[in-house]
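**Q** Just passing along the structure, written as structure tokens.
In structure tokens, the structure reads:
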């Protein structure tokens, strides 16, 4: 199931490359930071699902709002002569790292849980409950 | 169990995340393509940044024609003068010699002798490795090199075959460098007549004016000794509009 969004992203990348549409050069920084914000939202959404807290409204609104805030930050930075794109990139980069590490941990926990259950079931069948290892 | 956790359908998350992942994938592709196009346009126009003002602001054609006419007139005058001097005999030889010395000093005669050839070229390294436009030859580099060569005892200098005279100026117009009124572009070849060793020392001096260019890219500067150089005469304007020679009171 988790492979579907990954496949969708790969399809998106291929589609974008095939269409070979380019944004105007002056918009390139806005696009880059918007992509980063979007990636962060997708990672956050995936994590929420794994934690059992996924809510579609929160996810979609977060996705749009993050992108808007990121683009606004870059625009503000250009206006006041301060590279706020770095700030946005840093924050989103950190959040992506955190979300990905949490996703990894959740996967590992689920996998360990599954393994423990399987082993406990096997042990239950054999009647030796004390030999169940700790996950 | 957490009471605030909302129940989710097992497949409810797949569609929104997949759709937005598709969108982000497309946006990522576009960002990549745009960034690639940006880099390509930067490498294709390495001369951007050299101009301090546009070439269209300066119409030099009329001035150049006027100067050429003046040079022809001067040369004719010179020939007439020399003929007259030859006719009047040995008594005026000294005056003629003095006149020729003055003309040599004022760069109004061609000159030959040993010296040095300095070639300044734009860097061929990709512009990504450079700080701003440090890989380009600017008029200030030419001006500094000429100044340093005169300082080291150069007797005559020509830049891309244009003799440097008393009123020669260097400035920047668009992507080219102007030597007085004539446009030149890299590679800039500076020929200097003078004591080769001294000139070489000045050009290769550690921390000297060429060090900065060599630090950016050693290929930008080439210095070679020349046993025999032949430089043309200065062909710029010699007219005085304002200045006058004060009368000498006896």
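Chains as they are written, first to last, in our numbering: chain Y, 309 to 443; chain L, 88 to 337.
Glycine included, every Cβ here is placed at the ideal spot set by N, Cα and C.
#1: Would you say residue 411 of chain Y lies against chain L (beta-carbon separation less than 8 angstroms)?
#2: Whole angstroms are fine: how far does the CA of residue 172 of chain L sit from the CA of residue 292 of chain L?
#3: Look at residue 159 of chain L and residue 320 of chain L and say whether their C-beta atoms are less than 8 angstroms apart.
#4: Tell me where the alpha helix (DSSP H) around residue 331 of chain Y begins and ends.
#5: Beta-carbon within less than 6 angstroms of residue 277 of chain L's beta-carbon, same chain only, minus the 5 sequence neighbours each way: which residues are those?
#6: Would a check of beta-carbon distances place residue 125 of chain L closer than 8 angstroms to chain Y?
#7: On the three-state DSSP scale, how would you describe residue 134 of chain L?
#8: In three-state DSSP terms, what is residue 317 of chain L?
#9: Sort out for me which residues DSSP pairs residue 263 of chain L with in a bridge.
#10: For residue 339 of chain Y, which residues in chain L fall below 8 angstroms Cβ to Cβ?
#11: How far does the beta strand (DSSP E) with residue 279 of chain L in it extend, from its first residue to its last?
#12: Using beta carbons (cut-off 8 angstroms, strictly below), is residue 329 of chain Y in contact with chain L?
#13: How big is the Cα-Cα spacing for residue 382 of chain Y and residue 344 of chain Y?
#14: Decide if residue 381 of chain L is buried, meaning its Cβ has at least 16 other Cβ atoms within 10 Å, or exposed.
#15: Using 10 angstroms around the beta-carbon of residue 355 of chain Y, count the other beta-carbons present and answer buried if the total reaches 16, otherwise exposed.
#16: How about residue 105 of chain L and residue 336 of chain Y: are their beta carbons less than 8 angstroms apart?
#17: What does residue 312 of chain L pair with, by DSSP beta-bridge criteria?
#18: Relative to the C-alpha of residue 401 of chain Y, which residue among Y:351, Y:333, Y:339 and Y:318 is closest?
#19: For residue 395 of chain Y, tell me which candidate among Y:420, Y:377 and Y:421 has the shortest Cα-Cα distance.
#20: Closest Cβ-Cβ distance between residue 404 of chain Y and chain L: below 8 angstroms?
#21: Excluding five sequence neighbours on each side, which residues of the same chain lie with their C-beta closer than 6 angstroms to the C-beta of residue 263 of chain L?
#22: Beta carbon of residue 285 of chain L, beta carbon of residue 202 of chain L: below 8 angstroms?
**A** This is what the structure gives:
#1: Not one chain L Cβ lies under 8 angstroms of residue 411 of chain Y.
#2: 47 angstroms
#3: no
#4: From DSSP, residue 331 of chain Y is part of no alpha helix (DSSP H); its letter is neither H nor E.
#5: 205, 232 and 246
#6: yes
#7: The pLDDT assigned to residue 134 of chain L is 46, lower than 50, so where the model puts this residue is not dependable; a value taken from the coordinates is nonetheless given after this. Here residue 134 of chain L sits in coil by DSSP.
#8: strand
#9: DSSP lists L:260 as partners of residue 263 of chain L.
#10: 114, 117, 118 and 121
#11: Under the DSSP assignment, residue 279 of chain L falls in the beta strand (DSSP E) whose first and last residues are 275 to 280.
#12: yes
#13: A straight-line Cα-Cα distance of about 12 angstroms links residue 382 of chain Y and residue 344 of chain Y.
#14: The structure shown has nothing for residue 381 of chain L, since chain L only spans 88 to 337.
#15: buried
#16: no
#17: L:203
#18: Y:351
#19: Y:377
#20: no
#21: 270 and 272
#22: no
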